[in-house]
Structure formats: structure tokens, C-alpha cells
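A.B. asks: Sharing a structure with you now.
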Amino acid sequence: MKIDYCKLTEDLMPLYDDELLSKETKDFVEWHLEQCPECRKKYRDSDGQVPDIRKEIIYPELLNIEEEDKFRSAKTFLLKVRKRIFTAGIVVLIIMLIASAGSFFYGKSFNNEVPVKVNSVEDFANSLVPGWQRAQQSGQIVDINITKPIPDTEAVVTFEKVWYTPSYTYVLYTVTEPNKNYLMASQRVIDIPPEDYMRDNSTMEPLGKRWGGISPQGYHQIMVFMGYHTPVPAQELTLTVSNWIIPEGSMKPEPVDTIKGEISVNLPLQDEFLKESSERVNLDKSYEWEGRSLRLTGLEVKSSQTLLYGEAKLQEGETLSHLEGFIRSGGQSAGLSYESIVPGDAPNSFKFTLSAQPLNQWPGKVSLDIRAIQFKTSEVLNFPVDWSFYVSKEGQIDVTEEQVPAVAFYDGMVRLSSIDPTSWLELEIVEPSQNPLNKQPYIIMSPDPPFVERFNNYTTGLKITNEHGEVLEVGSRGSFRDGGRMGVGFEMDSEDELWKTSKKITITINKPEAHLVVNQEIELN
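In the numbering used here, each residue carries its 1-based index in the sequence shown increased by 1339.
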């Protein structure tokens, strides 16, 4: 899947000019304008004043892979964002987009304002890529050592090393330039990619420190592509890089045009490069919360990833979706990502395999921080709405419980909290009251964006019908967090006339996802 950030930014610019965007969304627009020369030019040509885009954008420390249906939801949200951008909605988008590539954060900010200072190129790689040092010690990282001049500049680039894993291909390079106006390749592609791959800096990078690092050896950066499996598709790949830009923090203070500087190099690829070490630690740890149980059976530490095995037993009508949390080891926090979930041997049980980034230090102490067990339910939530009361009004309207009663969902509530009759609706998830000093596990509706399953007759997910049983179309979906409030929202499809002509509508969420919130830390070894 390829996300069109240029189109998204174009859609958001009117809201940016009117200062209607949240800080997170505003930062996202500024980040893209900084990365994309074409969008900067287009904005200047439209008499816009390019904003001060040298800002640090803070993203979440923890990322999780979601199921395929939620990934489709993220794609729809990206392509159709219009008038209403929920504060954390755009963050959720970025989470799911990056999560499609995996979890890389371990307790550090995603971005740095300037290139970081490091002692050497290896120091930079060790600090940036989880598991790099262990892979280097085990001989998995392949030396390239190809140096080429960057056309139309005084700089040269040395392609240092490549690390192949089933999930990612990392290419480490160093640029040297007499005046220390270091250059970073913003366009890059491998000629034989897998089904999906990270293409360039205009897409979202899965690594932090996006401005690279500087040492006495020069300027260092790492390019990331999706990985390969054995047998490998070719014995040699061609990597092409171009569109060099001067990263923030270089000596030259004024912006410069992008330097084309196209360079191609050959990368060796062999089956043996994908061989890695693996160590399995057997576990037998069992826990029970709210009538549901979790048993952890194993931890597998590979060079390229960490795998957690276990089994969950739920109640009738419930299906395991994910275990939300992260693995901690030596100051590293690695978010859990979805690998596989299959039915267990006992009724209502599910065996799971979850993955996380490779551990920087192994052997060592490892713990699991479980935030929540996510599962699909057999419930149906209905919100009947007198649409004729809202359809002729303008602007945001707060909905009272007298107008649309809240619906109970396990230990919490879900209520229709606000409506903009021309664009969007918002559902708030109300958590149960808790004693701050003695918080107990509880179950609420998942704050993930609701998906729409049109092709299976809406057997799961969001569906909106009118008094005649006709289905009203919705567009983007997102999540929001606003102070102590959280919930989900969705956009009306402006091309669907039923939104203007219907008198009564019913918002239905069929088989909604639930979160069993536990917030418990478990020592694994």
C-alpha cells in the first residue's frame, strides 16, 4: 500500500491557513512541507507563505501492528480527511502506517531537530537500529564499502553496510563534503522490491533520528526497505538514490534546491545473509482478569525480532485480536505487533504469536508490560438518532444523553457526544469510575477507529441506516483523546444525499472490539 502524503497535505492546507488544525496535525503538515520540494513549490505558487517548518514533531513511543481491516481503515482516513481532524486521530494514522512496517521505538523521540553527534558510523548504527550490534557480532551485516561522487556537488557518498532481515533491509551510508554541507538522499528505491517497501523520505520512516548523525568520519544515515525471505529473489540488487537535500543543522543556513545527483550501486544478496541466531526460553506463567485468562508459554529471541508465545482463554462469543503492550529490556521498550492468532485446543481459547523489535542486549532481563487484551465481541451497539433535529443546523452540536441515551458496554459506556451535521459524528468512550489508589482491571470499547465491512453485509464494524433501512455512506474514521476524554469519530460521505434527506438514522457497531485494560508488568526470565 502506498500512501499519498502530497494529496493529504494538499487537503489539509486550507485548514492550516485558517489555523484550524490540532498541533499534531499542524506538525505533520510542516514535516511534509519540509521533506517535499514539489509541495513547497506548489504552496508558494498559490500565494501561500511557507511556514517555519523547522520543528520537532513528537510521536508516540510505542507502535503496534493492527489487523488488515484496521490498516484499510487507516488508508481510508488518510485519503479522505477533510474538515474535522481529531487531535489524536492523525497520530493514530501515523501509528498504523508505521505499524505496517513494525515497531522501532525504544523510549526515544521519533525525530531530532538536527543531526545527532556520534563517535563513529558504527556508533550511529548501534544507537539507531535495534539489534544492529548483535547482528554485527554474529556476522549478519554485509560490508559494501562502495564510494561514489554525488553529481554536481563536491561530496562523495560511501555505502558502508547492508543488513538483510525477513522484515527489513537496512543500508548504512556516509557522506563527506569539504564544507560540511552534508547531503541526505530523499529518494531511494531497490530494483527488485518485495510486495511493499519503504521508498523515500516523503513516506514515513520507521526509524528515529531522521536528520541522521555526524561524526569525524562525516554524515551518516540509514535507508530502510522491507526485507526478503529465502530463497532470495536475486543474487544482486540495484539500489538507486537521488534528490539530495541538506539536512537541518548543516553549515549552510539558507534553503537550497534539491540536487538530483542520481547514483546506482549493486547490493549482493544471498540466502546465507538471512540466516540468524535464535534462542527459545520456555515459559509457564498464567494470569486471570475479569473471567479471562492469559498463559505465556515462550519467548524466542532472534537477531531480527523477538517473539512471544502464549494462549488466551476468553468467554463465549469473544475472539482474540491482539495483546497490547511492550517488551522491556535494558532500557529498551519494544512494542508488540501482530504475528498470528489461531484457535486453541480448548473452547474459546486462542494461541498467539506476537513479535517485537530485536533486543539490543541479550542475554539479559526481559519483562512484559501488558496494557490491554483486545478482543472482538458478539455485542451490537445501536444509537437511534432523530436526524431531523440536527440536519438543518450548522457547526458542532453537543449531544446530551436525553437526546441520545448512552449504551452500556461491559464495564463502561459509549455515547454519541457531538455532531457537525455537515461533516462528522463523534462517539465518546466512558471508562468506569476507579479508585486512583486501587485501580482494577476493566473492559471498555476499543478506542481504535471503527472499520466498515461493506463487502460482507456489515456483519462486523460500523453501519448507519435511515428510517427506510438504507445505508448511509461514511468516509474517514479516527480516534481522539482530549484531556480525560477519548473516543472515535467518523466522517459523513458528502456525496451521499441520504445524509440530507433522512429523518431518522441508527448508528450501529456490530461486534465491536473491546479492551480488557490490565496494566500489569510481568518478569519473563
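Even glycine gets a Cβ: it sits at the ideal position worked out from N, Cα and C.
These numbers come from a predicted model, not from an experiment.
Taking 7 Å as the threshold (C-beta atoms), are ALA1651 and PHE1689 in contact?
C.D. replies: Yes, the Cβ-Cβ distance between PHE1689 and ALA1651 is below 7 Å.
A.B. asks: Can you look up ARG1549 in the DSSP assignment and give me helix, strand or coil?
C.D. replies: Residue state, collapsed to three classes: coil.
A.B. asks: Quick check on ALA1685: buried or exposed, where buried means 16 or more other Cβ atoms within 10 Å of its Cβ?
C.D. replies: Flag for ALA1685 reads exposed.
A.B. asks: Examine the Cβ distances between the segment 1804 to 1812 and the segment 1733 to 1744 and report whether three or more of them are shorter than 8 Å.
C.D. replies: Segments in contact, no.
A.B. asks: Which same chain residues, not among the five before or five after LEU1638, have their C-beta less than 8 Å away from its C-beta?
C.D. replies: So the qualifying residues of the chain are ARG1619, VAL1620, LEU1622, THR1645, LEU1646, LEU1647, TYR1648, VAL1705, LEU1863, ASN1864.
A.B. asks: Classify ASP1610 as helix, strand or coil using the three-state DSSP reduction.
C.D. replies: Three-state DSSP puts ASP1610 in a helix.
A.B. asks: Would you check if the distance between the CB atom of ALA1602 and the CB atom of LYS1487 is smaller than 7 Å?
C.D. replies: With the sequence shown as reference, residue 1602 is identified as Ile, and Ala is not the correct amino acid for it. Yes, Cβ-Cβ distance for ILE1602 and LYS1487 is below 7 Å.
A.B. asks: Could you check if THR1348 is buried or exposed, using at least 16 other CB atoms within 10 Å of its CB as the buried criterion?
C.D. replies: When all chains shown are included, THR1348 counts as buried.
A.B. asks: Hey, how far is the Cα of HIS1661 from the Cα of VAL1827?
C.D. replies: Taking the straight line from one Cα to the other gives about 19 Å.
A.B. asks: Since TYR1558 sits in a beta bridge, which residues does DSSP pair it with?
C.D. replies: DSSP, once it has assigned bridges, lists VAL1514, ILE1553 as partnering TYR1558.
A.B. asks: Would the segment 1667 to 1680 and the segment 1691 to 1700 be scored as touching if the rule is three or more Cβ pairs under 8 Å?
C.D. replies: Flag = yes, the segment 1667 to 1680 and the segment 1691 to 1700 touch.
A.B. asks: Measure from the alpha carbon of GLU1834 to the alpha carbon of each residue in LYS1842, LYS1850, GLY1814, ALA1853, then state which is nearest.
C.D. replies: The residue with the shortest Cα to Cα distance from GLU1834 is GLY1814.
A.B. asks: From which residue to which residue does the alpha helix (DSSP H) around ASP1708 run?
C.D. replies: Element bounds for ASP1708: not the alpha helix (DSSP H) but the beta strand (DSSP E), 1706 to 1715.
A.B. asks: DSSP beta-bridge partners for SER1617?
C.D. replies: BP columns for SER1617 point to LYS1641.
A.B. asks: Counting only the same chain and skipping the five closest in sequence on each side, list residues whose C-beta sits under 6 Å from that of PHE1425.
C.D. replies: Since pLDDT at PHE1425 reaches only 38, below the 50 mark, its modelled position is unreliable, and the value read off the structure follows with that caveat. So the list reads GLY1817, PHE1819, GLY1828, once near-sequence residues are dropped.
A.B. asks: Less than 7 Å separating the beta-carbons of ILE1709 and GLY1664?
C.D. replies: Going by C-beta atoms, ILE1709 is nearer than 7 Å to GLY1664.
A.B. asks: Identify the residues that DSSP records as bridge partners of HIS1854: which are they?
C.D. replies: BP columns for HIS1854 point to GLN1713, ILE1783.
A.B. asks: Where does ASP1462 sit, in a helix, a strand or coil, going by DSSP?
C.D. replies: In this structure, ASP1462 counts as helix in the three-state DSSP scheme.
A.B. asks: Helix, strand or coil: how does DSSP classify HIS1661 here?
C.D. replies: Here HIS1661 sits in strand by DSSP.
A.B. asks: Return the first residue and the last residue of the alpha helix (DSSP H) that ALA1673 is part of.
C.D. replies: Unbroken run through ALA1673 is the beta strand (DSSP E), 1671 to 1674; no alpha helix (DSSP H).
A.B. asks: Can you list, in chain order, the stretches of the beta strand (DSSP E) that have 3 or more residues and sit fully within the segment 1733 to 1763?
C.D. replies: 1746 to 1748, 1751 to 1759, all fully within the segment 1733 to 1763.
A.B. asks: Please identify the residue among TRP1763, VAL1769, SER1731 whose C-alpha is closest to the C-alpha of ALA1745.
C.D. replies: Residue VAL1769 is the option with its Cα nearest to ALA1745.
A.B. asks: Using 8 Å as the threshold, is the segment 1727 to 1738 in touch with the segment 1754 to 1766, meaning 3 or more CB pairs across them?
C.D. replies: As far as the Cβ criterion goes, the segment 1727 to 1738 touches the segment 1754 to 1766, which means the pair count is three or higher.
A.B. asks: Beta carbon of SER1324, beta carbon of GLY1656: below 7 Å?
C.D. replies: Since the first residue shown for the chain is 1340 and the last is 1864, residue 1324 is missing from the structure and cannot be characterised.
A.B. asks: How do the segment 1454 to 1474 and the segment 1496 to 1515 stand: do at least 3 beta-carbon pairs fall below 8 Å, yes or no?
C.D. replies: Counting Cβ pairs under 8 Å, three or more are found: they touch.
A.B. asks: If we call anything under 7 Å between Cβ atoms a contact, is MET1565 one with ARG1527?
C.D. replies: For MET1565 and ARG1527, no; Cβs fall outside 7 Å.
A.B. asks: So the candidates are GLU1767, GLN1479, ILE1584, THR1636; which of them puts its Cα closest to the Cα of GLY1822?
C.D. replies: If we check each option's Cα against that of GLY1822, GLU1767 comes out closest.
A.B. asks: Using only alpha-carbon positions, find the residue among ARG1754, ILE1736, GLU1836, ILE1848 that is nearest to MET1825.
C.D. replies: Per the Cα distances, ARG1754.
A.B. asks: How about LEU1653 and PHE1714: are their beta carbons less than 7 Å apart?
C.D. replies: In contact: LEU1653 and PHE1714 (Cβ atoms closer than 7 Å).
A.B. asks: Taking only the alpha-carbon atoms, compute the straight-line gap between ALA1673 and ILE1553 and give it to the nearest angstrom.
C.D. replies: Rounded to whole angstroms, ALA1673 to ILE1553 spans 26 Å at the Cα level.
A.B. asks: Any idea what DSSP makes of ASP1474, helix, strand or coil?
C.D. replies: One detail in the question is off: residue 1474 reads as Ala in this sequence, not Asp. Helix.
A.B. asks: If I measure Cβ to Cβ from PHE1498 and keep anything under 6 Å in the same chain, skipping five residues before and after, which residues do I get?
C.D. replies: Only ILE1483, ILE1485, TYR1512, VAL1604 meet the Cβ criterion.
A.B. asks: What does DSSP give as the partner residues of TYR1509 in its beta bridges?
C.D. replies: Answer is TRP1502, VAL1563, bridged to TYR1509.
A.B. asks: Where LYS1842 and GLU1733 are concerned, what is the direct C-alpha to C-alpha distance, given to the nearest angstrom?
C.D. replies: So the alpha carbons of these two residues sit roughly 16 Å apart.
A.B. asks: Hey, how far is the Cα of GLU1852 from the Cα of VAL1791?
C.D. replies: So the two alpha carbons sit approximately 13 Å from each other.
A.B. asks: Looking only at its own chain, which residues have a Cβ that is under 7 Å from the Cβ of TYR1749, when we skip the five neighbours before and after it?
C.D. replies: Within the same chain, TYR1749 has close Cβ partners ILE1782, ILE1783, ALA1853.
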